[in-house]
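Report on the following structure.
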Amino acid sequence: MQSEESSITMSSDTDISLSSYDEDQGSKLIRKAREAPFVPIGMAGFAAIVAYGLYRLKSRGHTKMSVHLIHMRVAAQGFVVGAMTLAFFLFRYGLFPVSRILGET
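Final position of the sequence shown in UniProt numbering is 105; the numbers increase by one with none missing.
Next up, the structure:
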């Protein structure tokens with residue numbers, strides 16, 4: 001039998017550039033914050049509540065650790081859900097126009 005080599009040519013398209021790979025993390029975070037401004041507000045509130053919970057961990061009294069952590073988790077999630085609900089109503093009733101986010105005039 002003859003050994004035949006099948007020549008497989010693969011196109012190497014090196015001009016592919018995705019915008020998410022071109023920008024660094026700081027500029028990506030700023031761009032995302034402009035697109036959805038309530039996301040950073042929710043993240044900041046979540047971080048603040050978690051930090052407060054860790055601070056209060058020393059003086060929790062006779063409360064069990066698991067109960068304290070559950071209360072902090074519920075408070076942090078409640079803040080994020082509240083920020084999302086506020087954003088929904090602001091967008092829904094036109095108090096925060098979508099055109100401002102999309103950059104349309």
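Even glycine gets a Cβ: it sits at the ideal position worked out from N, Cα and C.
All of these numbers come straight from a predicted model, not from anything done at the bench.
In this structure, Phe79 keeps its C-beta atom at 9 angstroms or more from the C-beta atom of Ala87.
The beta carbons of Val50 and Met84 sit no closer together than 9 angstroms.
Rounded to the nearest angstrom, the gap between the Cα atoms of Val39 and Ala33 is 7 angstroms. In this structure, Ala75 lies near Gly53, with their beta-carbon atoms less than 9 angstroms apart. When the five nearest sequence neighbours on each side are left out, the beta carbons in the same chain lying within less than 6 angstroms of the beta carbon of Gly45 are those of Phe79, in order along the chain.
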